[in-house]
Amino acid sequence: MTATDPPPRTGHASEHRPPAFFIAGTDTEIGKTFVACALLHALRACGLRAVGMKPVAAGVEADGRNEDVARLAAASAFAAAADLVNPYCFRAAIAPHIAAAEEGRPIVPARIVDAFEALRAQAGAVLVEGVGGFRVPLGDDHDTADLAVALGLPVILVVGLRLGCINHALLTQEAIAARGLPLAGWVANRIDPEMARSAENIAALRARIAAPLLGVVEHGTTPEAAARQLTLPSGLAPAPSSAPVPPR
Ligand SMILES: Nc1ncnc2c1ncn2[C@@H]1O[C@H](COP(=O)(O)OP(=O)(O)OP(=O)(O)O)[C@@H](O)[C@H]1O
Ligand SMILES: [Mg+2]
């Protein structure tokens with residue numbers, strides 16, 4: 000916990016389970032970690048002791064750490080145990096079910112659920128980043144969507160604004176709804192600064208996604224600055240100075 004963060008909430012708030020969300024994306028490399036870090040900053044600005052979780056990571060740096068895990072940890076309000084934040088880390092930056100098979104370490108969803116519940120018990124809010132897109136396999140008979148169901152979490156969808164994102168976003172929305180999971184909101188992330196007609200794309204998404212746009216994250220910003228451009232899902236206090244950003 001940093002010096003600026005408040006101590007864990009007690010009393011009335013502790014009678015309720017801390018809010019938690021599953022951060023899904025339209026694809027890999029579209030800004031799930033970036034937006035999750037921004038949301039962690041926004042939650043912390045509301046006084047919540049927010050922590051990020053990356054249950055399955057693939058690819059490690061020379062120092063043995065996974066970049067997503069490190070970025071989420073840096074944005075979190077406190078340093079949680081590594082095996083709770085990241086129960087599975089595979090060396091190769093490849094599809095996780097292949098990495099798991101090659102390392103002989105199958106991904107067991109129950110282990111992730113246990114780690115999540117232990118983490119949630121210590122936190123004021125938890126954001127769980129998925130893996131790649133929403134249907135990435137985690138084993139022969141389960142995938143990332145099944146993990147979101149096992150965790151029982153509402154989903155925040157990060158849409159990486161680039162050509163093709165409307166189709167990816169709508170397919171993901173269908174997959175979320177088909178599993179009975181609430182879509183708490185979506186974030187438009189300007190991953191491609193050269194994208195043509197981005198405002199029209201955002202408008203098309205707004206007309207078709209049955210959940211609030213939590214904000215538009217500009218290209219080249221920082222997670223800390225992006226936090227001020229985001230509205231938190233309903234039920235959570237808005238971040239100070241936050242306001243929905245209209246599409247350009
Ligand atoms: N709004 C933005 N402006 C500038 N760079 C961004 C923005 N969003 C994401 N990036 C950069 O794009 C890259 C991919 O983003 P990020 O790692 O968050 O994607 P991801 O969806 O979490 O990927 P993965 O599937 O590997 O987990 C990173 O280098 C990140 O810093
Ligand atoms: Mg990531």
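Numbering (numbering that gives the first Met the number 0), first residue to last: 0 to 247. We treat Cβ as the ideally placed atom computed from N, Cα and C, and that holds for glycine.
Quick one: Cα of P65 to Cα of G58, how far?
According to the sequence provided, residue 65 is Asn. The question's Pro does not apply to it. Going by the C-alpha atoms only, they are around 6 Å apart.
Assign N166 to buried or exposed, taking buried as 16 or more other Cβ atoms, counted over all protein chains shown, within 10 Å of its Cβ.
exposed
Burial state of I97, where buried means 16 or more other Cβ atoms lie within 10 Å
exposed
Put R33 into one of helix, strand or coil per three-state DSSP.
At residue 33 the sequence reads Phe, which differs from the Arg that was named. Helix.
Measuring alpha carbon to alpha carbon, tell me which residue in P17, S233 and L160 is nearest E217.
L160
Starting from the N-terminal side, write out each stretch of the alpha helix (DSSP H) that is 4 residues or longer and does not extend beyond the segment 114-181.
143-150 and 164-177
Closest by C-alpha distance to F115, when choosing among R207, H40 and R16
R16
Test item, CB below 6 Å from any non-hydrogen atom of ligand 1:
G24, T27, E28, I29, G30, K31, T32, F33, D67, G131, N188, R189, I190, V216, H218, G219 and T220
Counting along the chain, where does the alpha helix (DSSP H) carrying V84 start and finish?
A81 to V84
Please find out if some non-hydrogen atom of ligand 2 comes closer than 7 Å to the beta-carbon of E60.
no
Ligand 2 heavy atoms versus the CB of E193: any closer than 7 Å?
no
Is the beta carbon of I106 sitting closer than 8 Å to the one on L137?
yes
Whose C-beta lies closer than 7 Å to the C-beta of H141 among residues of the same chain, with five residues either side of it excluded?
P108
Identify every residue that forms a DSSP beta bridge with M194.
Note: M194 sits in no beta bridge, so no partner.
Among R48, A124, A174 and A117, nearest to A144 - alpha-carbon criterion
A174
How about G129 and I155: do their beta carbons lie closer than 8 Å?
no
Whose C-beta lies closer than 7 Å to the C-beta of A37 among residues of the same chain, with five residues either side of it excluded?
V216, P222, A225, A226 and L229
Using DSSP with H/G/I as helix, E/B as strand and the rest coil, what is N200?
helix
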